[in-house]
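Just below is one structure, and these are the notes that go with it.
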Amino acid sequence: MNASHWYEADSRFIAGHYQPATLIDLALSRDIDSHRLLRGTGLFYDDIVTGQTRLSPQQCFALIANARRLLEADDSSFLFGQRLLPGHYGPASHALQQAQNLDQALHTLIRHRALLSPLLTPRLLLDDNYAYVYWLDSCGAGEQLRFVMEASMTALKAMSQWLSGERLPWECSFSYPEPRYVEQYWVHLGENTRFDSQLDMMRLPREYLTRAWPNASAIAQQVAYQQAQAQLHSLGFSASLLDRLYLYLRAHAQQAPGLEQTAQHFCMSQATLKRKLNKHGTHFQAQQDQARKHMALYLYQIKGLSNEAVAEYLNISDPANFRRALKRWTGYTPNLIRQFLTL
């Protein structure tokens, strides 16, 4: 592996006339001065409209921070999200717009997330009854994570409702406490929204995945998808460093590889990996814990395994150690986490 296989927080690849322009337009529509909006981002409005400017995730976060401060409105993230998808992002957006059903749309979004959702990574899981979409921080969003999370879930809900022609029964869960402006969640995401959850996640009955969407074109979708693949190839990557690290650690959750082994896998020194993670506002143990937590939740929720089977899978032989580990990852003991997940 080498650096060309992922993007990082300071990689300048996000087209200024894609997601950033959507937020800029929203701010301008509320009479925010463009110079104040772009202050500290290293950007100028005239550069954005040329269609040539590329931003890093860090610059996007600076733009979001400015917009939040200047707009001072609780609905900003939700209104931003309503404008995000399918978007005007070239072939990837066309492929989304021509999706024949939700399943195809989700796979298009996930495959082309570097183009369609560069700041958050959507992931899809299925059980017998539900489809789950959970979201992970791709680039170290820090204080802007909640804004991006609100916008991303709103974007997927709004897009699927528009393209399906019906109101889909999405249920949204957030890992943080209920905010003071909870009514905005009810308006834009529905009254079944939950907080203090284990994952930032959306779910709906699995049957909605394969319901045919009106106005879709199979040929147009296939051509657009191929063109979007070429667009990804020209970028040189399809995922972020944190994405790649998460997939590696989750795939090896049984072995729990240490920093040295992980750094070797990514063809870098331990010091370099630590420095890169610090740049993203995180550290190795936090990423390791997240991957093992998610594997434990998957084994409980999707596979329906017992406490003993989950502990055995994760190679934690001592019951006391397993209780401590799960409590550290989730805030709950094994028996309580099982009760929590069945609510």
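One gets our numbering by counting positions in the sequence shown from 1 and adding 564 to each. Yeah, the Cβ is synthetic: ideal placement off N, Cα and C, and Gly gets one too. Just so you know, these numbers come straight off a predicted model, no measurement behind them.
Problem set entry | Where L907 falls, given that 16 or more other Cβ within 10 Å makes a residue buried | In this predicted model, L907 has a pLDDT of only 45, less than 50, meaning its place in the structure is not dependable enough to derive any value.
Problem set entry | 8 Å Cβ cutoff met for R576 and S641 | For the pair R576 and S641, the CB atoms are not nearer than the 8 Å cut-off.
Problem set entry | Length of the line joining the Cα atoms of D853 and T757 | Whole-angstrom Cα-Cα distance: 26 Å.
Exercise. Does DSSP put A579 in a helix, a strand or coil?
Worked result: Reduced to three states, the DSSP call for A579 is strand.
Exercise. Taking the C-alpha atoms as reference points, what is the distance between M765 and E735?
Worked result: If you draw a straight line from the Cα of M765 to the Cα of E735, it is about 8 Å long.
For this session: Could you tell me the distance, in whole angstroms, from the CA atom of L667 to the CA atom of E876?
Result: A small correction: the amino acid at residue 667 is Asp; Leu does not occupy that position in the sequence shown. For D667 and E876, the distance between alpha carbons rounds to 33 Å.
Exercise. Count the other CB atoms within 10 Å of the CB of F801; is the residue buried (16 or more) or exposed (fewer)?
Worked result: Result: buried.
Exercise. Thinking C-beta only, is A656 closer than 8 Å to H676?
Worked result: By the CB criterion at 8 Å, H676 and A656 fall inside the cutoff.
For this session: Classify R618 as helix, strand or coil using the three-state DSSP reduction.
Result: Here R618 sits in strand by DSSP.
Exercise. Who pairs with L697 in a beta bridge, going by DSSP?
Worked result: The residue you asked about is not Leu; residue 697 is Val in the sequence shown. In DSSP, V697 forms a bridge with L688 and M766.
Exercise. Do you know how far the Cα of A705 is from the Cα of F625?
Worked result: So the alpha carbons of these two residues sit roughly 7 Å apart.
Exercise. Considering only C-alpha positions, which residue in the set Q851, G651, K721 and L660 is nearest to Y812?
Worked result: Taking only the C-alpha atoms, the option nearest Y812 is Q851.
Problem set entry | Top-ranked residue by Cα proximity to D595, from E636, Q725, G845 and D611 | When each option's Cα is compared against that of D595, the closest is E636.
Exercise. If A817 sits next to R856, beta carbons under 8 Å apart, how far is it from one beta carbon to the other, in whole angstroms?
Worked result: About 5 Å separates the two Cβ atoms, so the contact holds.
Exercise. Between the beta-carbon of S716 and the beta-carbon of G645, is there less than 8 Å?
Worked result: A contact, by the Cβ cut-off of 8 Å.
For this session: Kindly provide the ranges of any alpha helix (DSSP H) runs that are 4 or more residues long and lie completely inside the stretch 767-801, ordered along the chain.
Result: Runs found: 782-799.
For this session: Throw me the rounded Cβ distance for the Q795 and L679 pair, which I believe falls under 8 Å.
Result: Indeed, because the Cβ distance is near 6 Å, the residues count as touching under 8 Å.
Exercise. What does a CB cutoff of less than 8 Å around W570 pick up in its chain, not counting 5 residues either side in sequence?
Worked result: The residues F801, A803, S804, L805, D807 and R808, in chain order, have a CB closer than 8 Å to that of W570 in the same chain once the five nearest residues on each side in sequence are set aside.
For this session: With E755 as the anchor, note down where its alpha helix (DSSP H) starts and where it stops.
Result: Counting along the chain, E755 sits inside no alpha helix (DSSP H), nor does DSSP assign it H or E at all.
For this session: With distances taken Cα to Cα, identify the nearest neighbour of Q849 among R892, I880, L878 and N871.
Result: Selected option, being the one with the closest Cα: R892.
Problem set entry | CA nearest to the CA of F759, picked from F904, A629 and L773 | Taking only the C-alpha atoms, the option nearest F759 is F904.
Exercise. Taking the DSSP output, what are the residues bridged to E735?
Worked result: Beta-bridge pairing links E735 to R767.
For this session: Could you check the C-alpha separation between M565 and Y772 for me, to the nearest Å?
Result: At M565, the pLDDT of 42 sits below 50, so the modelled position is not reliable and the matter cannot be decided from this model.
Exercise. Is it buried or exposed for W750, if we count other Cβ within 10 angstroms and need 16 for buried?
Worked result: Counting other Cβ atoms within 10 Å of its Cβ, W750 stays below 16 and is therefore classed as exposed.
Problem set entry | Three-state secondary structure (DSSP) of S657 | In this structure, S657 counts as helix in the three-state DSSP scheme.
Exercise. Quick one, which of R887, S881, H844 and G651 has its alpha-carbon nearest Q949's?
Worked result: Here the chain comprises residues numbered 565 to 907, so residue 949 is not present and cannot be evaluated.
Problem set entry | Cut-off 8 Å between Cβ atoms - residues of its own chain near P732, not counting five sequence neighbours on either side | For clarity, residue 732 is Leu in the given sequence; the question names Pro instead. Residues L666, K721, S724, Q725, L768 and Y772 of the same chain have their beta carbon placed closer than 8 Å to that of L732, with the five preceding and five following residues left out of the count.
Exercise. Skipping 5 residues on each side, what residues in its chain have a beta carbon closer than 7 Å to that of L643?
Worked result: Taking C-beta separations shorter than 7 Å and ignoring five residues to either side along the sequence, the partners of L643 in its chain run L590, following chain order.
Problem set entry | Run of the alpha helix (DSSP H) containing L823, from where it starts to where it stops | From DSSP, the alpha helix (DSSP H) with L823 extends over L823 to H829.
For this session: Leaving out five residues on either side along the sequence, give the residues of the same chain with a beta carbon under 7 Å from the beta carbon of I901.
Result: Residues of the same chain with a CB within less than 7 Å of the CB of I901, apart from the 5 flanking positions on each side, are Y864, L890 and T894 in chain order.
Exercise. Which value, in whole angstroms, describes the spacing of the CA atoms of R888 and Q664?
Worked result: Cα to Cα, R888 sits roughly 46 Å from Q664.
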